[in-house]
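**Q**
In structure tokens form, the structure reads like this:
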């Protein structure tokens, strides 16, 4: 159990910068999820911490120990790989006992620790099998077990759920969260799936092109994204963006486009007043756009006419692909909606939940004091 | 129960048809498979004929061999003799030659595997300057004809001769007429191919396995012995068979580097049989079969390692 500190870490592969000036403190017992699209440097960051790649610049600490020059085997880190990386010629027991044998742990102790881990993961009956005799889900558990028996300072996970089917993934997600509570240890988890990040993390770090974009709790990132990238990446389906012009007066701010004219709530108006006459990007999540007929009563919204392009029934809700002003956007509405492709319907934007971004920097404009 | 009746009726109606459908499928399957099997069996039989001829002849009387073809033995299958083997082993020194072949071949095979595996691991997985250039040089050595090296090696061996008798097995300690010299020569000649073969195999092992082992606390040497070697048994078995056969069947190097007739391997002895006895085919066949027996045994012993799939389950494909 330990905290992990990245101090201005940079990793270059020849001329390509994979990770740039990565600066992050991860507290003891935290479940930090590194998330971002493929090629954003999240896996490289994890491998730098594991000691599988050399750092080009900066420092990494595990606890108080500087580990830049410490080889992977001495970092007291356990990692669960996307491919599971089980030793195919060893039984499940030997796979789990391998690290302990290397560290010369007494045999009785090894047996005790392996069976304890096997019990936690419910794989006690599989201990004598070889990896090829296991299903994907079972292999995944063995890989977890191999990490657990080590009782390491930090657990690393490199997209461990991507090879599981959808149902098993949901189940394993919950189990990983439980495991984190039970082991009370530091977890660092890499994924490209924002749902995994949102459901398991105590804090999420979003990366893009080797740069850290924002770090915060899932709630933080969802409600107060720092820029358009985070806003678009966190939340599914993604946030809608509209280029609009800020107009009106300081106390009565409107956002205008050709056929869109929405009023900004009074609380957000002062923040947008400096942009009067300028263009900004207006952002709103699909779940904050409602079918006017089934609009929740507590919403102070701005109504808008939109053409229905496609409808997708999800059961508990309907995704409407809408068109207004030539802009395509998505709404998650009540399943009772009567909207059909080709119809024109009235939708309501829940303006209390609007976001605004500077089009030049793509950074968020803080609308209300956080 | 009543609701089940219709389906039972349908099943009953279909029941009469099912065997016919199955028979049709089986015939189709046979029609597709039989030609392939016939071709494979035919080829295998054709290739086996000389070996079978050799085996049959080695048990026949010299007069029979001289007067009739080996297939005539099928008419009187019990008319066999072990005289040829007895004579070859006892009076022609084939037993000692067999022992010599074994002493030369086993270490020359083990050494090649050991050195090549370590080198291949380094070439495949360790980072060091000049790695690719060194590997290219090693692979480049594959094209150097063995004959070109005989004179320099012979001169080197003459210069480096350590002229003391080795106890028990005999021969010099080093130089021409020494087992150690043969081991070294065969190892050196076998290495380029061995390194090439193993490096390619090691290189195809999943990187995650190595990284996982490093994180588990393993050193390079541990990874090599605990992960790489067990997983590479198919490649090592293949290499072992190649190298064993190559050394076992070698005549040229033995002819040049082993002037001492007491140390001569079977290949040399068999060659001498031809020259000294002219057409004594009965002895030649027996000797040749003795020399074939061990490689055959080795092949059958190691062939199960050829079965791939040892890697199944390592990483999700």
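Residue numbers (the working numbering), protein chains in the order written: chain D, 140 to 509; chain C, 15 to 331. Note that beta-carbon positions come from the ideal geometry of N, C-alpha and C, so glycine has one too.
1) Taking the alpha carbon of residue 319 of chain D as the point to measure from, which residue in D:303, D:291, D:374 has its own alpha carbon closest?
2) Kindly identify the DSSP beta-bridge partner or partners of residue 452 of chain D.
3) According to DSSP, is residue 157 of chain C part of a helix, a strand, or is it coil?
4) Flag residue 39 of chain C as yes if its beta-carbon sits less than 8 Å from any beta-carbon of chain D, otherwise no.
5) If the cut is a Cβ gap below 8 Å, which residues of chain D does residue 248 of chain C touch?
6) Using only alpha-carbon positions, find the residue among C:246, C:217, C:205 that is nearest to residue 126 of chain C.
7) My output table needs one value for residue 258 of chain D: the three-state DSSP class, helix, strand or coil.
8) How far does the beta strand (DSSP E) with residue 218 of chain D in it reach, from first residue to last?
9) If I measure Cβ to Cβ from residue 182 of chain D and keep anything under 8 Å in the same chain, skipping five residues before and after, which residues do I get?
10) Classify residue 427 of chain D: buried if its beta carbon has 16 or more other beta carbons within 10 angstroms, exposed otherwise.
11) Compare the C-beta of residue 232 of chain C with all C-beta atoms of chain D and state if any pair is closer than 8 Å.
12) Whole angstroms are fine: how far does the CA of residue 163 of chain C sit from the CA of residue 112 of chain C?
13) Could you give the residue range of the beta strand (DSSP E) that holds residue 379 of chain D?
14) Comparing the C-beta of residue 237 of chain D with each C-beta of chain C, is any distance below 8 Å?
15) Given that residue 244 of chain C touches chain D, what residues does it touch there, using C-beta distances under 7 Å?
16) Please list the partners that residue 332 of chain C has in chain D, where partner means a Cβ-to-Cβ separation under 7 Å.
17) With DSSP run on the structure shown, which of helix, strand or coil describes residue 328 of chain D?
18) Runs of 3 residues minimum, wholly inside the stretch 395-458 of chain D: which ones carry the beta strand (DSSP E) assignment?
19) Would you mind telling me which residues of chain C sit closer than 9 Å to residue 218 of chain D, beta carbon to beta carbon, in chain order?
20) Which residues, taken in chain order from the stretch 122-148 of chain C, show a beta carbon closer than 8 Å to some beta carbon of chain D?
21) In the structure shown, what three-state DSSP assignment does residue 146 of chain D receive?
22) Name, going along the chain, the residues of the stretch 317-341 of chain D whose beta-carbon falls closer than 8 Å to a beta-carbon of chain C.
23) Can you give the beta carbon distance from residue 235 of chain D to residue 285 of chain D, rounded, assuming they're within the 8 Å contact cut?
24) If we define contact as Cβ-Cβ less than 8 Å, is residue 274 of chain D a contact residue for chain C?
25) Could you spell out the range, first to last residue, of the alpha helix (DSSP H) harbouring residue 287 of chain D?
26) Residue 420 of chain D to residue 143 of chain D, Cα distance in whole Å?
27) What does residue 222 of chain C touch in chain D if you count any residue whose Cβ is under 7 Å from its own?
28) Mapping the DSSP letters down to three states, classify residue 242 of chain C as helix, strand or coil.
29) Taking DSSP's pairing of strands, which residues face residue 466 of chain D in a bridge?
30) Since residue 272 of chain C and residue 196 of chain C should fall inside the 8 Å C-beta cutoff, what is the C-beta to C-beta distance between them, to a whole number of angstroms?
31) I believe residue 224 of chain D touches residue 223 of chain C by the beta-carbon criterion, under 8 Å. Please report the beta-carbon distance rounded to the nearest angstrom.
32) What's the call for residue 279 of chain D, buried or exposed, on a 16-neighbour Cβ count within 10 Å?
33) Report the rounded CA-to-CA distance for residue 149 of chain D versus residue 347 of chain D, giving the unit in angstroms.
34) Go to residue 483 of chain D, then tell me how far its beta strand (DSSP E) extends in each direction, as first and last residue.
35) Are the C-beta of residue 241 of chain C and some C-beta of chain D separated by less than 8 Å?
36) Throw me the rounded Cβ distance for the residue 283 of chain D and residue 273 of chain D pair, which I believe falls under 8 Å.
**A** This is what the structure gives:
1) Per the C-alpha coordinates, the member of D:303, D:291, D:374 positioned closest to residue 319 of chain D is D:291.
2) Within the DSSP bridge table, the entry for residue 452 of chain D names D:457 as partners.
3) Here DSSP, grouped into helix, strand and coil, assigns residue 157 of chain C to helix.
4) No, residue 39 of chain C lies away from the interface with chain D (no Cβ there is under 8 Å from its Cβ).
5) Residues of chain D whose Cβ lies closer than 8 Å to the Cβ of residue 248 of chain C do not exist, since the nearest Cβ in that chain is about 12 Å away.
6) That would be C:205, whose Cα lies nearest to the Cα of residue 126 of chain C.
7) In this structure, residue 258 of chain D counts as helix in the three-state DSSP scheme.
8) Bounds of the beta strand (DSSP E) holding residue 218 of chain D are 216-219.
9) Around residue 182 of chain D: 297, 298, 329.
10) Label assigned to residue 427 of chain D: buried.
11) Yes, its Cβ sits closer than 8 Å to a Cβ of chain D.
12) When the Cα atoms are used, residue 112 of chain C and residue 163 of chain C turn out to be separated by approximately 27 Å.
13) Counted as a single uninterrupted DSSP element, the beta strand (DSSP E) harbouring residue 379 of chain D occupies residues 379-388.
14) Chain C contact via Cβ: present.
15) For the C-beta of residue 244 of chain C, the chain D residues within less than 7 Å are, from N- to C-terminus, 228.
16) It is not possible to answer for residue 332 of chain C, since the shown part of chain C is limited to 15 through 331.
17) Per DSSP, reduced to three states, the secondary structure at residue 328 of chain D is strand.
18) Counting only runs of 3 or more, we get 400-402, 418-423, 428-430, 440-452.
19) Within chain C, the residues near residue 218 of chain D are 225, 226, 229.
20) Flagged: no residues at all.
21) Three-state DSSP puts residue 146 of chain D in a strand.
22) Hits within the stretch: zero.
23) In this structure residue 235 of chain D touches residue 285 of chain D by the C-beta definition: roughly 5 Å separates them, less than 8 Å.
24) Closer than 8 Å: no.
25) Segment 275-287, the alpha helix (DSSP H) holding residue 287 of chain D.
26) Each residue's Cα considered, the two are about 37 Å apart.
27) Contacts between residue 222 of chain C and chain D, judged by CB atoms closer than 7 Å, involve 220, 222, 224 in chain order.
28) It is helical.
29) According to DSSP, which records beta bridges pairwise, residue 466 of chain D is partnered with D:463.
30) Yes, they are in contact, since the Cβ atoms of residue 272 of chain C and residue 196 of chain C sit about 7 Å apart, within 8 Å.
31) About 5 Å separates the two Cβ atoms, so the contact holds.
32) With 16 or more other Cβ atoms within 10 Å, it is buried.
33) Each residue's Cα considered, the two are about 14 Å apart.
34) Where residue 483 of chain D is concerned, the enclosing beta strand (DSSP E) stretches over 483-489.
35) Cβ-Cβ to chain D under 8 Å: yes for residue 241 of chain C.
36) The pair is not a contact, with the Cβ atoms about 13 Å apart (cut-off 8 Å).
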